[in-house]
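Each residue of the sequence shown is one higher than the one before, starting from 0 at the first, in numbering that gives the first Met the number 0.
Cβ coordinates follow ideal geometry from the N, Cα and C atoms, glycine included.
Here is the structure we will look at, set down as structure tokens.
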Amino acid sequence: METELSAARLEVMQHVGKDLDALMAEYLKPIDQNWQPTDFLPDSSKENFFSEVKLLQESCRDLPYDYIAVLIGDTITEEALPTYESWLMDVIGVDQVDNPSGWSRWVRAWTAEENRHGDLLNKYLYLSGRVNMRAMEVSTQYLIADGFDIGTDRDPYRNFIYTSFQELATNVSHRRTATLSKQFGNPHLSKICGVIASDEMRHAKAYKAFVSRILAVDPSELMLALEDMMRKKIVMPAHFLRESGVKMGDTFSHFSDAAQRLGVYTTMDYIEILESLLIEWEIETIRDLNSGAEKARDYLMALPARLRRIADRTRIPELAYEFSWISR
């Protein structure tokens, strides 16, 4: 059965990826035309470098504790890109050995664009003077070394559902940090978070388009995959986040609490992203489903209201947590 499933998935991936050149041209940018981290940072080769760094540090001095914690957590998440690339390279239909110009080309090019985010935020935080960089770097190394299990296995359907959701979630998170930094009197950081958020939305559109193309040719299997992912819940890519001396995943809950307190990424955002995907993929009106997929659709359409009832009863911890990442 698993062999049959893999063969069917491979056939669909070949169908969806047959015009990969057009998809890459639409959803990714030419490297020479893309922004790079240096475009947003003080130039160390210039005489005014130190005065610019001083101004940058002054603009970061009054950023709230929770805000710095969330920005660091976002940065570490972005810096774990090697984990995400290696995971996607093992997905059915992605073959870097026998077909390096196929889906593996997308994975490499997408990773290359995403890699700029961690580079930019890391350098900015280093210059800010607010961060214990060694503690942050230890967390980054742990996150890459620990890997992750996002409940997708090697199934492209589940992986594209996951990336559609996650790209939208990271767009929300970076967009909110951009808005907040402007409110806190730091338009420079706001611009940085804003350009990253823009990338995330463009990537979200790509993965949502991949899912739409799969739905057109294999609706029942995609519906069942979507139900399975939502029953498991979409976990964040940094859900194993930890600091030195604590258990795997323990720091993530504190990072998540800080994001909820700030309103950067909340339970309601999770529900609204789900609702937006159900609308985008026209889940309610899809026909020609088998009986299992029909039941899956019924579950999915009722899920947002159910999650809202649970969210209404959820309290956000107000207890402060002292992150090892923050120096002052």
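- Query: Taking the DSSP output, what are the residues bridged to residue 130?
  - Reply: In the sequence shown, counting from the first residue as 1, residue 130 sits at position 131. Note: residue 130 sits in a beta bridge opposite 325.
- Task: Please say whether residue 269 and residue 168 have beta carbons closer to each other than 9 angstroms?
- Result: Counted from its first residue, the sequence shown places residue 168 at position 169. Counted from its first residue, the sequence shown places residue 269 at position 270. Yes, the Cβ-Cβ distance between residue 168 and residue 269 is below 9 angstroms.
- Query: Are the beta-carbon atoms belonging to residue 176 and residue 135 less than 9 angstroms from one another?
  - Reply: Sequence index remark: in the sequence shown, residue 176 carries index 177 (1-based). Sequence index remark: in the sequence shown, residue 135 carries index 136 (1-based). In this structure, residue 135 does not lie closer than 9 angstroms to residue 176 by Cβ.
- Task: Using only alpha-carbon positions, find the residue among 271, 76, 152 that is nearest to residue 231.
- Result: Looking up residue 231 in the sequence shown gives position 232. For the residues 271, 76, 152, the minimum Cα distance to residue 231 belongs to 152.
- Message: For a test of the three-state rule: what should DSSP assign to residue 310, helix, strand or coil?
- Response: Along the sequence shown, one-based indexing puts residue 310 at 311. Residue state, collapsed to three classes: helix.
- Query: Between residue 127 and residue 56, is the Cβ-Cβ spacing less than 9 angstroms?
  - Reply: The count along the sequence shown starts at 1 and reaches residue 127 at position 128. The count along the sequence shown starts at 1 and reaches residue 56 at position 57. Yes.
- Residue range of the unbroken alpha helix (DSSP H) whose run includes residue 222: Your numbering for residue 222 matches position 223 in the sequence shown. Note, residue 222: alpha helix (DSSP H), 218–231.
- Query: If you drop the 5 nearest sequence neighbours on each side, which residues of the same chain put their C-beta closer than 7 angstroms to that of residue 303?
  - Reply: The count along the sequence shown starts at 1 and reaches residue 303 at position 304. The residues are 270, 273, 274.
- Message: Measuring only the C-alpha atoms, how far is residue 49 from residue 255?
- Response: Here residue 49 refers to the residue found at position 50 of the sequence shown. Here residue 255 refers to the residue found at position 256 of the sequence shown. About 34 angstroms.
- Message: Do residue 179 and residue 129 have their beta-carbon atoms positioned less than 9 angstroms apart in this structure?
- Response: Position 130 of the sequence shown, counted from the start, is the residue given in the question as residue 129. Position 180 of the sequence shown, counted from the start, is the residue given in the question as residue 179. No, the pair does not count as a contact, with Cβ atoms beyond the cut-off.
- Query: Going by other Cβ atoms of all chains shown within 10 Å of its Cβ, with 16 needed for buried, is residue 65 buried or exposed?
  - Reply: The sequence position of residue 65 within the sequence shown is 66, counting from 1. With 16 or more other Cβ atoms within 10 Å, it is buried.
- Query: What first and last residue would you give for the alpha helix (DSSP H) that runs through residue 343?
  - Reply: Since the first residue shown for the chain is 0 and the last is 327, residue 343 is missing from the structure and cannot be characterised.
- Message: Spatial neighbours of residue 125 within its chain, please: C-beta separation below 8 angstroms, excluding the five flanking residues on both sides.
- Response: Within the sequence shown, residue 125 is the residue found at index 126, counting from 1. Cβ neighbours of residue 125 beyond the five flanking positions: 132.
- Query: Within 10 angstroms of its Cβ, does residue 35 collect 16 or more other Cβ (buried), or is it exposed?
  - Reply: Within the sequence shown, the letter at position 36 stands for residue 35. Exposed.
- Report back the beta-carbon spacing between residue 219 and residue 91 to the nearest angstrom; my notes put them in contact at under 8 angstroms. Counting from 1 along the sequence shown, the entry for residue 219 is found at position 220. Counting from 1 along the sequence shown, the entry for residue 91 is found at position 92. At roughly 18 angstroms, the Cβ-Cβ gap does not stay under 8 angstroms, so residue 219 and residue 91 are not in contact.
- Query: For residue 108, which option in 59, 95, 244 has the closest C-alpha, if you only look at C-alpha atoms?
  - Reply: Walking along the sequence shown from the start, residue 108 turns up at place 109. Measuring from the Cα of residue 108, the nearest candidate turns out to be 95.
- Message: Taking the alpha-carbon of residue 208 as reference, which of 22, 148, 8, 17 has the nearest alpha-carbon?
- Response: Position 209 of the sequence shown, counted from the first residue, corresponds to residue 208. That would be 22, whose Cα lies nearest to the Cα of residue 208.
- Query: What number of angstroms, rounded off, separates the C-alpha of residue 214 from the C-alpha of residue 84?
  - Reply: For this step, residue 214 is matched to residue 215 along the sequence shown. For this step, residue 84 is matched to residue 85 along the sequence shown. The alpha-carbon atoms of residue 214 and residue 84 are separated by roughly 24 angstroms.
- Message: Rounding to the nearest angstrom, what Cα-Cα distance links residue 20 and residue 228 in this structure?
- Response: Sequence index remark: in the sequence shown, residue 20 carries index 21 (1-based). Sequence index remark: in the sequence shown, residue 228 carries index 229 (1-based). Near 29 angstroms, if we compare the C-alpha coordinates of residue 228 and residue 20.
- Enumerate in chain order the residues of its own chain whose CB-to-CB distance from residue 323 is below 7 angstroms, with the five nearest sequence positions on each side excluded. Position 324 of the sequence shown holds residue 323. Same-chain partners within the cutoff: 131, 134, 242, 243.
- Message: Suppose contacts are defined by Cβ-Cβ distances below 9 angstroms. Is residue 237 in contact with residue 147 by that definition?
- Response: On the sequence shown, position 238 is the one that residue 237 refers to. On the sequence shown, position 148 is the one that residue 147 refers to. Yes. Within cutoff.
- Query: What is the DSSP secondary structure of residue 358, reduced to helix, strand or coil?
  - Reply: Any property of residue 358 remains undetermined from this structure, which presents the chain solely from 0 to 327.
- Message: Let's test the definition: count the other Cβ atoms within 10 Å of the Cβ of residue 71 and tell me whether it reaches 16, buried, or not, exposed.
- Response: Position 72 of the sequence shown, counting from 1, holds the residue named residue 71. The residue is buried, with at least 16 neighbouring Cβ atoms inside 10 Å.
- Item | Residue span of the alpha helix (DSSP H) that contains residue 81, given as start and end | Residue numbering aside, residue 81 sits at position 82 when the sequence shown is read from its first letter. Residue 81 -> alpha helix (DSSP H) spans 80–87.
- Task: Give a yes or no on whether the C-beta atoms belonging to residue 278 and residue 222 are separated by under 9 angstroms.
- Result: Residue numbering aside, residue 278 sits at position 279 when the sequence shown is read from its first letter. Residue numbering aside, residue 222 sits at position 223 when the sequence shown is read from its first letter. No.
- Query: Out of 143, 18, 59, which has the shortest C-alpha to C-alpha gap to residue 187?
  - Reply: The residue you call residue 187 lines up with position 188 of the sequence shown. Comparing Cα-Cα distances from residue 187 to each of 143, 18, 59, the minimum goes to 59.
- Item | Coil, strand or helix - residue 303 by DSSP | Position 304 of the sequence shown, counted from the first residue, corresponds to residue 303. Here residue 303 sits in helix by DSSP.
- Which residue from 172, 42, 154 puts its Cα closest to that of residue 86? Reading the sequence shown from its first residue, position 87 is the one you call residue 86. Looking at the Cα atoms, 154 is the closest of the given residues.
- Leaving aside the five residues before and after residue 217 along the sequence, list all residues of the same chain whose C-beta is less than 7 angstroms from its C-beta, in chain order. For this step, residue 217 is matched to residue 218 along the sequence shown. Result list for residue 217: 11, in chain order.
- Query: Do you know how far the Cα of residue 27 is from the Cα of residue 306?
  - Reply: Here residue 306 refers to the residue found at position 307 when the sequence shown is read from its first residue. Here residue 27 refers to the residue found at position 28 when the sequence shown is read from its first residue. Those two C-alpha atoms are separated by around 34 angstroms.
- Message: Here's a check: name, in chain order, each residue in its chain whose Cβ is nearer than 8 angstroms to the Cβ of residue 204, leaving out the five neighbours to either side.
- Response: For the purposes of this step, residue 204 is identified with residue 205 of the sequence shown, where counting begins at 1. Contacts found: 26.
- Can you tell me whether DSSP reads residue 16 as helix, strand or coil? Mapped onto the sequence shown, residue 16 falls at position 17. It is helical.
- Find out if the Cβ-Cβ distance for the pair residue 115, residue 31 is shorter than 9 angstroms. Stepping through the sequence shown from its first residue, residue 115 is reached at position 116. Stepping through the sequence shown from its first residue, residue 31 is reached at position 32. Their beta carbons are not under 9 angstroms apart, which means residue 115 does not touch residue 31 by this criterion.
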